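Okay, so here's the structure we're looking at.
In this note's numbering, the protein residues as written are 0 to 135.
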């Protein structure tokens with residue numbers, strides 16, 4: 000979680016919510032790609048251990064909670080749809096992140112560039128949660 004908080008802090012000055020969220024996840028994917036073998040062992044061991052799964056579940060909730068203030072800020076700036084719950088939005092992005100990571104670790108021949116796959120999913124989500132600007 001320390002890495003997540005550091006990345007969130009580093010992106011605090013980004014001009015737009017979309018760019019900030021993308022930068023956060025880009026950094027996290029960069030870290031994973033540098034440590035792919037370790038990530039692979041960790042994720043697959045995680046699925047075999049109920050104790051580890053419970054511990055990591057708490058970290059995922061912490062990750063979600065760390066993104067909630069960003070979502071709230073985006074809503075306040077009218078960059079995100081204010082009718083949605085910030086917790087649900089952060090959970091949705093985290094779900095796409097972990098789905099991409101697990102696909103990349105499980106099927107490396109099908110997912111060569113996990114960041115690109117994530118950003119495609121992010122764009123689809125953004126169309127639903129972002130506030131459309133005039134002329135778009």
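Using N, Cα and C, we set each Cβ at its ideal position, and we do this for glycine too.
Being a predicted model, the structure only gives us computed values, none of them experimental.
query	result
Find out if the Cβ-Cβ distance for the pair residue 102, residue 110 is shorter than 8 Å.	yes
Could you name the residues of the same chain whose beta carbon sits closer than 7 Å to that of residue 86, not counting the 5 residues immediately before and after it, in chain order?	63 and 67
Going by CA-CA distance only, name the one from 92, 112, 124 and 57 that's closest to residue 33.	112
Around the C-beta of residue 21, are 16 or more other C-beta atoms found within 10 angstroms, so that it is buried, or is it exposed?	buried
Going straight from the alpha carbon of residue 106 to that of residue 92, what length do you get?	21 Å
Residue 114 to residue 124, Cα distance in whole Å?	15 Å
Taking residue 97 as the reference, which of 69, 74 and 24 has the closest Cα?	24
Report, in whole angstroms, the separation of the C-beta atoms of residue 99 and residue 127, which I expect to be a contact under 8 Å.	Not a contact, Cβ separation roughly 18 Å.
Just to confirm my understanding: we take residue 70, look at its own chain, exclude 5 residues before and 5 after, and list those with CB closer than 7 Å. What are they?	79, 85, 88 and 89
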